[in-house]
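Read top to bottom, the protein sequences are chains A and B.
Using our numbering, the letters of the first sequence map in sequence onto residues 4 to 319.
Using our numbering, the letters of the second sequence map in sequence onto residues -7 to 278.
Quick notes on the structure that follows.
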Amino acid sequence: MATTSTTAVARTTRQGRRKLSGLRRREALWCYVFMAPAVLGVLVFAIGPMIASLWLSFTSYDMLSSPEFIGLKNYTKLFADKLFLKSLSVTMLYAVVVVPGTMLMGLVVAILLNAKIPAMGFFRSAYYLPSVIGGVAVARVWAMLYNTDHGLFNIILGWFGIDGPAWLSDERWALWSLIFMGIWGFGGTMLIYLAGLQGIPKELYEAASVDGASKFRQQIHITVPMLSNVTFFNLVMGIIGALQVFAEPFVLTNGTGNPNNSTLLLPLYLYRVAFSYLEMGYASAIAWAVFAITLVLTALVFRSLPLWVHTEAGED
Amino acid sequence: MAKADERGGGMPLSRTEILVRVGLLSLGCFLVLMPVAWTILTSLKTAQQTLAVPPVWIFPPQWSNYPEVLQLVPFQNYALNTAIVVSGVVIGTLLSCSFSAYGFARLRAPGRNVIFGVLMATMMLPSTVTLVPTYIAFNKIGWLNTFLPLIIPAFFGSAFFIFMFRQFYLSIPKELEEAARIDGAGYFRIWWSIFLPLSMPVIATVTVFTFVGTYNDFFGPLIYLTDESKWTISVALSTFGGSPRIGPQLHMLTAATMIAAAPSIIVFLLAQRYYVNGISVAGVNK
Chain A
4 MATTSTTAVA RTTRQGRRKL SGLRRREALW CYVFMAPAVL GVLVFAIGPM
54 IASLWLSFTS YDMLSSPEFI GLKNYTKLFA DKLFLKSLSV TMLYAVVVVP
104 GTMLMGLVVA ILLNAKIPAM GFFRSAYYLP SVIGGVAVAR VWAMLYNTDH
154 GLFNIILGWF GIDGPAWLSD ERWALWSLIF MGIWGFGGTM LIYLAGLQGI
204 PKELYEAASV DGASKFRQQI HITVPMLSNV TFFNLVMGII GALQVFAEPF
254 VLTNGTGNPN NSTLLLPLYL YRVAFSYLEM GYASAIAWAV FAITLVLTAL
304 VFRSLPLWVH TEAGED
Chain B
-7 MAKADERGGG MPLSRTEILV RVGLLSLGCF LVLMPVAWTI LTSLKTAQQT
43 LAVPPVWIFP PQWSNYPEVL QLVPFQNYAL NTAIVVSGVV IGTLLSCSFS
93 AYGFARLRAP GRNVIFGVLM ATMMLPSTVT LVPTYIAFNK IGWLNTFLPL
143 IIPAFFGSAF FIFMFRQFYL SIPKELEEAA RIDGAGYFRI WWSIFLPLSM
193 PVIATVTVFT FVGTYNDFFG PLIYLTDESK WTISVALSTF GGSPRIGPQL
243 HMLTAATMIA AAPSIIVFLL AQRYYVNGIS VAGVNK
């Protein structure tokens, strides 16, 4: 009797365990079903095309005849391609000014907004508004502002007796025109900084006030270090974003990147190589070069992290 | 955002300091909105007024510019194309992202976390890297000049939005799910009739983000929609400068620009709360 009951118990627990693992297996199966769209998406629209484009970058392919393997020729061509090198330097200058410019504007406005300010909601939306306007419309708006004779900028400069430049057709000013336009979209960075600011404990400022630190010193010594992880996020996203700007230069220059290729940002050059010259292999090599640059810049930011990102432990 | 008020922005401020801040913010606000204001102003002028030096500041607004520019181009056609693409992408994104996020948040399977990590890494992948092969593939299967290359990928999830849904699903108490399981509901039913309806705030955020992003997208429609009858508003707007119908008439060009920019501005103004929430999630959770 006793033995039968123990075996019965043993049997039920074993069955229970098997049933449990059956449930587990069912759960896992369903988990894969649910993840399937995302997994397929990653395979079909990210990893697959990535491998394909890496392979294409070693070929010569015009979409009419089949791809022909040419080894590293596309990559060696990059270094001799004056237009690519020009495009690269234009893009670097653009990113080097726009990314910090956007972050500085975003931080300053976020600090001003981070208080019991009347009409806070209005200001927040107003500063973010330019960021919801699409690139094509932004370019249209600014093209008009930059107009040499009837544009608002030169009208205002005229009030001060300054003869404004031909913004978009003067090689010295065309890229800067794009840069000012890019910084106009600092709203997203501002919102992220604002969210970060709201997470800083009030006590830190109170303690600093008691110690006699001025408001400005409080911003430099409390706000800036406490926001370092948000700054890191904004920096990485800013770099990725700045290397993908396309609509604005395309519309402003009718796709030419002129004057004298001074606004030929890399995506614009890539578009030209791929869709005007149909050099799909070379275009893939350019895409990989851009990707490599993004990776290197991001890696540099990561490497520099311990130097400037504040951690609780480090502070004590 | 209620939290912001409680914290009072970190620092107790004096009256003068608030005045200084409001003054600075108003000045900045004026500068930031000036380009848009100037565009609206120009869109209400007559052709001669747009070229006047010095510029006219006060004039009877010529509202007729707006209906007139709608006559110059097949605007309804562009609007319909845009509506098809945007609604397709919004529906695809909501379904696929909430569906996959349920798996990532609530079900366990070997390899799930690795898959999630790979998915999140794709957020860092610049679209230029995948561009050429994707274009070639869509071309090969005959989808060029159709809306499919713009819509279909949305049905396969998007890392950032899956992340947003997942964060929300992680916060839903387990008891809800267990009660439904005891009642005999399967996982699909639990997702569809419990998790999806509960996630309205995320749905709203993802919808406004996807709407504005897709509406504003230029590159995709530019390379895939070659025929003018298929153009979206952003592609059409990019051609207006050199178009024989609108050409260099500034009042028409600005009216067209404002009409084109209006939908995303309106959606943003109506759904600001969801917008701000979404961006805050992006920044703080990283």
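Heads up, the beta-carbon is just placed ideally off N, CA and C, and yes, glycines get one too.
Check your understanding: Given that A/Gly33 touches chain B, what residues does it touch there, using C-beta distances under 7 Å?
Key -> A small correction: the amino acid at residue 33 of chain A is Trp; Gly does not occupy that position in the sequence shown. Contact note: A/Trp33 reaches chain B through Leu99 and Tyr179, using a C-beta cutoff of 7 Å and chain order.
Practice item. Note down the Cα distance separating A/Gly199 from B/Pro240, rounded to an integer number of angstroms. Key: For A/Gly199 and B/Pro240, the distance between alpha carbons rounds to 45 Å.
Review point. Going along the chain, which residues of its own chain have a beta-carbon closer than 7 Å to the beta-carbon of A/Gln221, five neighbours each way excluded?
Key: The residues Tyr208 and Ala211, in chain order, have a CB closer than 7 Å to that of A/Gln221 in the same chain once the five nearest residues on each side in sequence are set aside.
Review point. By the 10 Å Cβ neighbour count, where 16 or more other Cβ atoms means buried, how is A/Arg27 classified, buried or exposed?
Key: By the Cβ neighbour-count rule, A/Arg27 is exposed, with fewer than 16 other Cβ atoms within 10 Å of its own.
**Study point:** With 16 other Cβ atoms within 10 Å as the buried cut-off, status of B/Pro59
**Key:** B/Pro59 should be labelled exposed.
Exercise for review: Pull up the distance between the alpha-carbon of B/Met(-7) and that of B/Gly178, whole angstroms please.
Suggested key: Reliability fails at B/Met(-7), whose pLDDT of 38 lies under 50, so the model's placement of it is uncertain and the value that follows must be treated cautiously. Each residue's Cα considered, the two are about 37 Å apart.
Check your understanding: Any contact of the segment 264 to 284 of chain A with the segment 124 to 131 of chain B, i.e. 3+ C-beta pairs under 8 Å?
Key -> In the pairwise beta carbon analysis, the segment 264 to 284 of chain A is classified as touching the segment 124 to 131 of chain B: at least three pairs are separated by under 8 Å.
Check your understanding: Do A/Ala140 and B/Leu229 have their C-beta atoms within less than 8 Å of each other?
Key -> Taking 8 Å as the Cβ cut-off, A/Ala140 and B/Leu229 qualify as a contacting pair.
Review point. Excluding sequence positions up to five away, which residues of its chain have a Cβ less than 6 Å from the Cβ of B/Thr206?
Key: Closer than 6 Å at the Cβ level, and outside the excluded window around B/Thr206, lie Val78 and Val81.
Review point. Which residues in the same chain as B/Ile32 place their Cβ atom closer than 7 Å to its Cβ, once the five residues preceding and following it in sequence are excluded?
Key: Around B/Ile32: Met250.
Practice item. Give the DSSP-derived three-state secondary structure of A/Ser8 in the structure shown. Key: Caution applies to A/Ser8, whose pLDDT of 49 falls short of 50 and renders its modelled position unreliable; the value that the coordinates give is listed next. Three-state result, A/Ser8: helix.
Exercise for review: Answer yes or no: does any C-beta atom of chain B fall closer than 8 Å to that of A/Ser71?
Suggested key: Per the sequence shown, residue 71 of chain A should be read as Glu rather than Ser. No, A/Glu71 does not count as interfacial toward chain B.
Exercise for review: Since I believe B/Phe157 is in contact with B/Val194 (beta carbons under 8 Å), could you give me their beta-carbon distance rounded to a whole number of angstroms?
Suggested key: For B/Val194 against B/Phe157, the beta-carbon gap comes to about 6 Å, under 8 Å, which counts as contact.
Practice item. Take the Cβ of B/Ile133 as the centre, count every other Cβ of all protein chains shown within 10 Å, and call the residue buried at 16 or more, exposed below. Key: Around the beta carbon of B/Ile133, a 10 Å sphere encloses fewer than 16 other beta carbons of the protein chains shown; the residue is thus reported as exposed.
Practice item. Locate the alpha helix (DSSP H) running through B/Ile225, then write down its first and last residues. Key: Note, B/Ile225: alpha helix (DSSP H), Ile225 to Thr231.
Check your understanding: Any idea which residues DSSP pairs A/Thr62 with across the strands?
Key -> Beta-bridge partners of A/Thr62 (DSSP): A/Phe72.
Exercise for review: List the residues of chain B that A/Ser128 touches, going by C-beta distances under 8 Å, in chain order.
Suggested key: Phe260, Leu261 and Gln264, listed in chain order.
Review point. Which term fits A/Gly161, buried or exposed, when burial requires 16 or more other beta carbons within 10 angstroms of its beta carbon?
Key: Counting Cβ neighbours within 10 Å, A/Gly161 comes out exposed, since fewer than 16 surround it.
Point to revise | Integer-rounded CB distance, given that B/Pro27 should sit under 8 Å from A/Val100 | key: Not really, about 19 Å apart at Cβ, beyond 8 Å.
Check your understanding: Under the three-state reduction of DSSP, which class applies to B/Gly49: helix, strand or coil?
Key -> The question names Gly, but residue 49 of chain B in the sequence shown is Trp. Under the three-state reduction of DSSP, B/Trp49 is assigned to coil, being neither helix nor strand.
Review point. Which residue's Cα is closest to the Cα of B/Thr120: B/Glu220, B/Ile225, B/Gln264 and B/Gly212?
Key: In this structure, B/Gly212 is the residue among B/Glu220, B/Ile225, B/Gln264 and B/Gly212 with its C-alpha nearest to the C-alpha of B/Thr120.
Check your understanding: Over what stretch of residues does the alpha helix (DSSP H) that includes B/Gln68 continue unbroken?
Key -> Residues Phe67 to Arg98.
Review point. The alpha helix (DSSP H) with B/Asn105 in it runs from where to where?
Key: Under the DSSP assignment, B/Asn105 falls in the alpha helix (DSSP H) whose first and last residues are Arg104 to Ala113.
**Study point:** Cβ-Cβ distance between A/Tyr130 and B/Cys89 below 8 Å
**Key:** Inclusion of A/Tyr130 and B/Cys89 in the CB contact set at 8 Å is not warranted, their separation being larger than that value.
Point to revise | Spatial distance of B/Pro189 from A/Leu269 (CA atoms) | key: Those two C-alpha atoms are separated by around 43 Å.
Review point. Expressed to the nearest angstrom, what Euclidean distance is found between the alpha-carbon atoms of A/Thr226 and A/Ile203?
Key: Taking the straight line from one Cα to the other gives about 8 Å.
**Study point:** Contact check, B/Ile143 vs A/Ile195, beta carbons under 8 Å
**Key:** It is not a contact, given that the beta carbons lie outside the stated cut-off.
Review point. Does B/Phe125 get closer than 8 Å to chain A when you measure Cβ to Cβ?
Key: Note that residue 125 of chain B is Pro in the sequence shown here, rather than Phe. Yes, B/Pro125 lies at the interface with chain A (some Cβ there is under 8 Å from its Cβ).
Review point. Do B/Ser191 and A/Ala41 have their C-beta atoms within less than 8 Å of each other?
Key: When the beta-carbon positions are compared, B/Ser191 and A/Ala41 stay at least 8 Å from each other.
Point to revise | Stretch pair the segment 105 to 112 of chain B + the segment 159 to 178 of chain B: three plus CB contacts closer than 8 Å | key: Taking 8 Å as the limit for Cβ pairs, the verdict is that the segment 159 to 178 of chain B does not touch the segment 105 to 112 of chain B.
Exercise for review: Say whether chain B places a C-beta atom closer than 8 Å to the C-beta of A/Arg306.
Suggested key: Chain B contact via Cβ: absent.
Exercise for review: Starting from the Cα of A/Lys119, find the closest Cα among B/Leu5, B/Val65 and B/Met115 and give me that residue.
Suggested key: Checked all of B/Leu5, B/Val65 and B/Met115; the closest Cα to A/Lys119 is B/Leu5.
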